Amino acid sequence: MMRRGERRAYSKRKSYLFFGLEILLYLIVAYIVSLGGTFMEIGVLVFILLIAVSFGRLNKIIQRTNRHKRIFDDD
0 MMRRGERRAY SKRKSYLFFG LEILLYLIVA YIVSLGGTFM EIGVLVFILL
50 IAVSFGRLNK IIQRTNRHKR IFDDD
């Protein structure tokens, strides 16, 4: 059975993996945009969508962190 700390460490590793994959996806989209033409228009739309998803995920992480601080803050 997994302890609480182990679960948190696994979750942290998983979030780093997703962050790395997200950066790789940004680089691929930036390359597609640099090709120009029809690819550029599609690439820009995908890029805007990726940024919106990233900000949503960042907001979720910040809310989770604030909730964690509120529960475990001793002050």
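All the letters of the sequence shown, read from the start, carry residue numbers 0 to 74 under numbering that gives the first Met the number 0. No residue lacks a Cβ here, since even glycine has one placed at the ideal position from N, Cα and C. Quantities reported herein were computed from a predicted structural model and do not represent experimental measurements.
For Gly42, count neighbouring Cβ atoms within 10 angstroms of its own Cβ and tell me buried if that reaches 16, exposed if not.
-> buried
Mind the definition here: the stretch 25-33 touches the stretch 54-66 only if three or more C-beta pairs lie below 8 Å; say whether that holds.
-> no
In angstroms with no decimal places, state the Cα-to-Cα distance between Ser53 and Thr37.
-> 25 Å
Taking only the alpha-carbon atoms, compute the straight-line gap between Glu21 and Ile61 and give it to the nearest angstrom.
-> 18 Å
Going straight from the alpha carbon of Ser33 to that of Lys13, what length do you get?
-> 30 Å
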